[in-house]
Structures are given as C-alpha cells and as structure tokens.
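First up is the structure itself, then whatever we jot down about it.
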Amino acid sequence: MNIFRLAGDMTHLASVLVLLLKIHTIKSCAGISLKTQELFAIVFLTRYLDLFTNFISIYNTIMKLIFLGSSFSIVWYIRRHRVVRRSYDKDQDTFRHFFLMWPCLILAIFINEKFTLKEVMWTFSIYLEAIAILPQLVMLQRTRNIDNLTGQYIFLLGAYRAFYILNWIYRYFTEEHYVHWITWVAGVIQTLLYGDFFYYYFQSWKNNVKLELPA
Amino acid sequence: ERSGSSKDEL
Chain A
1 MNIFRLAGDM THLASVLVLL LKIHTIKSCA GISLKTQELF AIVFLTRYLD
51 LFTNFISIYN TIMKLIFLGS SFSIVWYIRR HRVVRRSYDK DQDTFRHFFL
101 MWPCLILAIF INEKFTLKEV MWTFSIYLEA IAILPQLVML QRTRNIDNLT
151 GQYIFLLGAY RAFYILNWIY RYFTEEHYVH WITWVAGVIQ TLLYGDFFYY
201 YFQSWKNNVK LELPA
Chain B
1 ERSGSSKDEL
C-alpha cells in the first residue's frame, strides 16, 4: 500500500465519521441527501460480495465492514430514527436516484473485465459510485447554504477520490501490468463531479467566509 | 498472473 492509497482510504473513512458525527451528536441530517446515501449503500453491497470468499488483508476486511456498516446505519438513521428523520429535507431531495442504476447495470453487463455475476456486480458498483454523489450535489445547489459539517463531508469525499487517482498513477509506474481502464475512467469522472464544489470550498476557505454556492 | 489488482482497493 502506498501513501496516496492510505490517504484516500483515511479521507474516505473521515468523511463517513464526520457524517455519522453530525447525525449522531447533533441528531440532524439537514442538507444530507438520502438518495446519495442509499446509492452508496448499494455501491458497497454490490462491491463487497467477495467479503467472505476473497481474503486480501485484515485491513481490507475491516475497512469493508466499516463502509458497509456505516452506509446502512446512515440510511437507517435518516429513514427510521425518531428525531433525525424530522430534519431530513425531503422536498429538496427529489432526484430520481433509482433511474441512475439502470444505465450503470447495462454498462456493467457490456463493459467489464470478466462476464461473471460477481465481476458484473463489482463493475456495476464502480459505475454507480461515480455518479452516486449527483443527488447530493443537486441538493446542495438547491439549499445553497451549507453547514460546516456537510461541507467537510463532501470535501473529504472529493479528497478521497483525488487521492485514489494519485494512487493509480503511482501504482501504474511501480507495479507491473497495473492497467484498469474501467476503474480509472469511472474514477476520473467521479472526481471531476467534485470540481465545482472544490472551487467554491477553497474560495470560502481562502476568504474565510461561510461556504455558499451560487444560484 | 498480473501483479496489480484493483480488487485489493476499496
């Protein structure tokens, strides 16, 4: 494991912890898109089908369990928790997110590294992750006012993607036969989606003002 | 067997 991969995993982990912290301690999910959280839960479920059959390392298994557990508990909190669910801005979160799944599934059936159920589901999760943030970005654009924790959550998610790209570049030059077009193209698209947000995040940080997106 | 696998990533 290289430093970029570790930094990517740690920012990913931090993003999940920030979101759980917000939900658990403030008992609020204001500004958070349930649609995006549901897509992330599906992403992890379909990606980690090999959790018990393909052992890579203790680190890998624990991280997979954390991402699975946290994504499903976040969805549970927003949908079921007596207090938290009242802070959910349902009217601002209208993205028809399940429609995003069909193109991903069709693409995964036709463009994959191997045509087996596990491999197609894994590829599907890669495609779905690339666009899973869209409902959240649409919601941000609508509410415009973003509280600190929500801003940090999305910033950390974007940082995770950026570090993964550096990790791929590093691995390409240091490992033999490390070429994965599917993950790379999907990963770059995913990272580009955060570009706009990053711009405004850094602007507000530089000028020391509250993060607000333009209408 | 290829040495680099994307399956060891999360």
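Residue numbers (the numbering used here), protein chains in the order written: chain A, 1 to 215; chain B, 1 to 10. All C-beta atoms, glycine included, are put in the ideal place defined by N, C-alpha and C. The model shown is predicted, which means the values in this text are computed figures rather than measured ones.
- Task: List the residues that DSSP assigns as beta-bridge partners of A/Glu212.
- Result: Translated into positions along the first sequence, residue 212 of chain A becomes position 212. Beta-bridge pairing links A/Glu212 to A/Asn145.
- Query: Buried or exposed: which applies to B/Glu1, given that a residue is buried once 16 or more other Cβ atoms fall within 10 Å of its Cβ?
  - Reply: Here residue 1 of chain B corresponds to residue number 1 of the second sequence, with the count starting at 1. Note that B/Glu1 scores a pLDDT of 37, beneath 50, so its modelled location is shaky and nothing firm can be said.
- Message: Which residue marks the beginning of the alpha helix (DSSP H) containing A/Asn60, and which one marks its end?
- Response: By one-based count along the first sequence, residue 60 of chain A stands at place 60. A/Asn60 -> alpha helix (DSSP H) spans Ile58 to Arg80.
- Item | A/Gly31 versus A/Asn54, A/Ile3 and A/Val84, residue with shortest Cα-Cα distance | Numbered from its first residue, the first sequence carries residue 31 of chain A at position 31. Comparing Cα-Cα distances from A/Gly31 to each of A/Asn54, A/Ile3 and A/Val84, the minimum goes to A/Val84.
- Proximity test, Cβ basis, 7 Å: A/His81 and chain B: By one-based count along the first sequence, residue 81 of chain A stands at place 81. It does not: the Cβ of A/His81 has no partner Cβ on chain B nearer than 7 Å.
- Query: Is A/Met63 close to chain B, meaning its C-beta is less than 7 Å from at least one C-beta of that chain?
  - Reply: Position 63 of the first sequence holds residue 63 of chain A. Closer than 7 Å: yes.
- Message: For A/Thr11, tell me which candidate among A/Ile62, A/Ala162 and A/Asp196 has the shortest Cα-Cα distance.
- Response: Mapped onto the first sequence, residue 11 of chain A falls at position 11. If we check each option's Cα against that of A/Thr11, A/Ala162 comes out closest.
- Message: Distance check for A/Asn54 and A/Leu137, CA to CA, integer angstroms please.
- Response: Position 137 of the first sequence, counting from 1, holds the residue named residue 137 of chain A. Position 54 of the first sequence, counting from 1, holds the residue named residue 54 of chain A. One C-alpha to the other measures close to 34 Å.
- Taking the alpha-carbon positions, what's the A/Ile133 to A/Phe95 distance? Residue mapping note: residue 133 of chain A aligns to position 133 of the first sequence, counting from 1. Residue mapping note: residue 95 of chain A aligns to position 95 of the first sequence, counting from 1. Cα to Cα, A/Ile133 sits roughly 11 Å from A/Phe95.
- A/Val17: which of A/Gln92, A/Phe198 and A/Leu149 sits nearest, CA to CA? As a first step, residue 17 of chain A is located in the first sequence; it is residue number 17 there, counting from the start. According to the sequence as given, residue 17 of chain A is Leu; it is not Val. Residue A/Leu149 is the option with its Cα nearest to A/Leu17.
- Query: Hey, out of A/Leu45, A/Asn60, A/Met139 and A/Leu117, whose CA is closest to A/Ala215's CA?
  - Reply: Numbered from its first residue, the first sequence carries residue 215 of chain A at position 215. Closest option to A/Ala215, Cα to Cα, is A/Met139.
- Can you find at least 3 beta carbon pairs, one from the stretch 155-170 of chain A and one from the stretch 108-121 of chain A, that sit closer than 8 Å? no
- Flag A/Thr183 as yes if its beta-carbon sits less than 7 Å from any beta-carbon of chain B, otherwise no. To locate residue 183 of chain A, count along the first sequence from 1; it is residue 183. So yes, A/Thr183 belongs to the interface.
- Query: Could you give the distance in angstroms between the alpha-carbon of A/Leu128 and the alpha-carbon of A/Trp205?
  - Reply: Counted from its first residue, the first sequence places residue 128 of chain A at position 128. Counted from its first residue, the first sequence places residue 205 of chain A at position 205. Taking the straight line joining both Cα atoms gives about 30 Å.
- Query: Do the CB positions of A/Pro135 and A/Ser33 come within less than 7 Å of each other?
  - Reply: Indexing the first sequence from 1 puts residue 135 of chain A at position 135. Indexing the first sequence from 1 puts residue 33 of chain A at position 33. Contact: yes.
- Buried versus exposed call for A/Ser125 [16 or more other C-beta atoms within 10 Å across all chains shown]: Position 125 of the first sequence, counted from the first residue, corresponds to residue 125 of chain A. It is buried - the Cβ of A/Ser125 has at least 16 other Cβ atoms within 10 Å.
- Message: Given this structure, state the Cα-to-Cα distance separating A/Gln190 from A/Ala130, to the nearest angstrom.
- Response: To locate residue 190 of chain A, count along the first sequence from 1; it is residue 190. To locate residue 130 of chain A, count along the first sequence from 1; it is residue 130. Approximately 4 Å, taken between the alpha carbons.
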